[in-house]
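Residue numbers (the working numbering), protein chains in the order written: chain A, 81 to 613; chain B, 12 to 308.
Here's what the structure looks like:
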């Protein structure tokens, strides 16, 4: 009988280990049915990346949502798209604008007319030639409100796109829009594919980029292969790139260590020390444009009172946040955007002060605190951050319930509403990545961008801010822009539609034989020069 | 007078019978060395579960950002977690959560399962077919998958975990009790009761049910182990306890990012789960050796 007992003991132990840790490689999300559990291990046993070195595996932390570059809201999807799509201009790895599908451009004095000379002898992946007509079809698609694309936010300023000749296109704006030049980085899709796939274009990307689409198995991987006919032939050398969503931090690190993945992003902060200098692994750090904050729904009680929002800001210890949640990597957020973005104006910090927070809550009539909830995705970093906020607010009597949701559900709950009053969200733990001040401010604080139209999830509305943003977008004078954006930052910071937390530092890991792959400051995955050494 | 004597005599007999049964059980139980000690461990767990909040050295929810991820020391016997909370205190308070969740869920499963099993075995016919075929359908799903599906429908939370684990316990109990009922139904004393005109309900609960108790106890204790594991797994997946609660599964889940750097954060709750599941299984094994008529020598 004893024998049986030990056998049972051993089997219980093995079972519990298998059950509890086995799951850790899968999707830890609440979805349950998302089917990601076996995803990370699904690397074909036949693949031996270490030997052949023909394919590069990039493991990232979330699922990709769409492959339509003109309707993308998340940094990760657009990060993947950069391998397949190019705009008239493209961002290089340091977010500088460089020529893409256009070779040169000119702009009139009040910045309402852009004329692009297009690159010649460029073909889309399906063989369709790239020309002025293709550009027109794409721009018309984005500037048409009926198409309901995310790019409409920026392309609505386009009055008309005209074909001048085969390789020249003229874009006329209906008002000056200073940030328009950054928006010409939006990927151009093959007109033939647009016609062929219709709404399914999001699953069948066809662009001009250095890599062309092979397959996308939802929740498992997305594969692209080298485009032999690319105009910038020879820059990228890796034959095949496989992007894999691996939400579990531990699995991603393990994949990098074993060589199953060649690049992982993000690299979990708490593992930097142990990984740095590990065999064949390189840890890379980049200052980022990613701001981390909690968006507060200002339409809801008690958050409609600015004193409550300020109190919450005073109640959160930002130093402790960076130390506990970010393992020391990152900086305090001292404005509404990262210091690396143009026209940044430092505002300072809501210094950690519980007494002041309590006082403000008392003034606002919430001496005994209140109960609310915070939303976020199922990422383990997000979970950690949300619990941190919960602990901090508990100290001033605010009871917060942590609710984590699968990314797509979350996005639907927040952006899928019909009117602002319908929003159920109280607080949302989130981050925003932008490359230009327009995207960092107009998208988030202008009242025309209330969900579902835009990303002003705090429902922040201030007439002066609206006016300043509008003027700034119409001005081409840099000093005036700086001044106007300064006003915006000052007011928003004072009225605290967010809990201002931190500016991330981008951490990613790669095998030491990987060259030319970078994570850009905005979280994009730059593979245009990918090669194995 | 005669009758009164008779009655008191018979009750004395039954008392004696009971106490002799108990002492017989105790003698046999002491011989089961592993199960005996595992039983003590379970008593210890129960003690902690009841008095946990009083004996925990620290507040299990109180963070200390100046003492994050400390390895075990004289100040924090089991170290601290990623928020600087004392892990030992969390384990102690978590014992109550884990045990009450698994106990309630198995109890609910056992009660419903037993009733279904008794009816199924006793009445037979369409009722038997209905209950057993539905059980088969439930058996077709792996336990944990079924529980995940139930929680997905009901929404996350410990109360729903209890429901989910209870639901997947029902068919196992129903099938076990049905088997015992079928055997007991044919026994002479049941036939005697029936021929004396006893009602079905009386036969089921007074005559057949006691016959099934011993195997039910065995299965119950084995099932608690499974249920602790299932509840922890659900919490690990974020479907059970809230992430901040000191539930063992939730602790494992939140600590897994630190597996490489601070393994104690996951090892300790893992060990707690391992030891308690093991203890319940060993006790179940021991009980089976004593109570199961098939293994009687």
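We put the beta carbon where it would ideally sit given N, CA and C, even for glycine.
Buried or exposed by the 16-neighbour rule on C-beta atoms within 10 Å, applied to residue i
i, result
"residue 406/A", "buried"
"residue 165/A", "buried"
"residue 508/A", "buried"
"residue 115/A", "In this prediction, residue 115/A scores a pLDDT of 31, lower than 50, which makes its location untrustworthy; the coordinate-derived value is nonetheless stated afterwards. It counts as exposed."
"residue 151/B", "exposed"
"residue 119/A", "In this prediction, residue 119/A has a pLDDT of 35, which is less than 50 and means its spatial position is unreliable; what the coordinates show is noted afterwards. It counts as buried."
"residue 36/B", "exposed"
"residue 265/A", "buried"
"residue 148/B", "exposed"
"residue 198/B", "exposed"
"residue 260/B", "buried"
"residue 600/A", "buried"
"residue 92/B", "buried"
"residue 206/B", "exposed"
"residue 207/A", "exposed"
"residue 332/A", "buried"
"residue 244/A", "exposed"
"residue 594/A", "buried"
"residue 442/A", "exposed"
Beta-carbon separation (whole angstroms), residue i vs residue j, contact threshold 8 Å
i, j, result
"residue 159/B", "residue 250/B", "7 Å"
"residue 94/B", "residue 471/A", "7 Å"
"residue 505/A", "residue 484/A", "Not a contact, Cβ separation roughly 13 Å."
"residue 458/A", "residue 327/A", "7 Å"
"residue 382/A", "residue 388/A", "5 Å"
"residue 119/B", "residue 177/B", "4 Å"
"residue 603/A", "residue 526/A", "In fact, because the Cβ distance is near 23 Å, the residues do not count as touching under 8 Å."
"residue 592/A", "residue 339/A", "With a Cβ gap of about 11 Å, residue 592/A and residue 339/A do not count as contacting."
DSSP bridge partner residues for residue i (one or two, in chain order)
i, result
"residue 301/A", "297/A"
"residue 244/B", "In DSSP, residue 244/B forms no bridge with anything."
"residue 456/A", "484/A"
"residue 116/B", "In DSSP, residue 116/B forms no bridge with anything."
"residue 242/A", "250/A"
"residue 430/A", "None, per the DSSP bridge assignment."
"residue 139/A", "324/A and 344/A"
8 Å Cβ cutoff, residue i in contact with chain B
i, result
"residue 260/A", "no"
"residue 241/A", "no"
"residue 463/A", "yes"
"residue 511/A", "no"
"residue 290/A", "no"
"residue 81/A", "Note that residue 81/A scores a pLDDT of 40, beneath 50, so its modelled location is shaky; the value from the coordinates is reported in the next line. True, the Cβ-Cβ gap to chain B drops below 8 Å."
"residue 476/A", "no"
"residue 121/A", "Note on residue 121/A: pLDDT 38, under 50, position unreliable in the model; the coordinate value appears next. With 8 Å as the cut-off, residue 121/A does not count as an interface residue toward chain B."
"residue 449/A", "no"
Nearest neighbour of residue i, chosen from the options [CA to CA]
i, options, result
"residue 392/A", "452/A, 250/A, 312/A and 422/A", "452/A"
"residue 279/A", "167/A, 561/A and 147/A", "147/A"
"residue 296/A", "283/A, 290/A and 305/A", "283/A"
"residue 401/A", "57/B, 68/B and 77/B", "77/B"
"residue 597/A", "316/A, 482/A, 498/A and 491/A", "316/A"
"residue 277/B", "196/B, 214/B, 265/B and 288/B", "265/B"
"residue 232/A", "156/A, 579/A, 221/A and 536/A", "221/A"
"residue 279/B", "59/B, 98/B and 43/B", "98/B"
"residue 542/A", "243/A, 319/A, 363/A and 569/A", "569/A"
"residue 501/A", "357/A, 419/A, 478/A and 380/A", "380/A"
"residue 438/A", "447/A, 242/A, 397/A and 525/A", "447/A"
"residue 608/A", "217/A, 195/A, 213/A and 288/A", "288/A"
"residue 230/A", "204/A, 535/A and 273/A", "535/A"
"residue 385/A", "416/A, 503/A and 444/A", "444/A"
"residue 578/A", "171/A, 371/A, 215/A and 203/A", "371/A"
Chain A within 8 Å of residue i, Cβ atoms only
i, result
"residue 308/B", "Residue placement at residue 308/B is flagged as unreliable, the pLDDT there being 44, under the threshold of 50; a coordinate-derived value is accordingly withheld."
"residue 302/B", "no"
"residue 97/B", "no"
"residue 64/B", "no"
"residue 272/B", "yes"
"residue 269/B", "yes"
"residue 93/B", "yes"
"residue 76/B", "yes"
"residue 257/B", "no"
"residue 262/B", "no"
Min CB distance residue i to chain C below 8 Å
i, result
"residue 108/B", "No chain C appears in this structure, whose protein chains are A and B."
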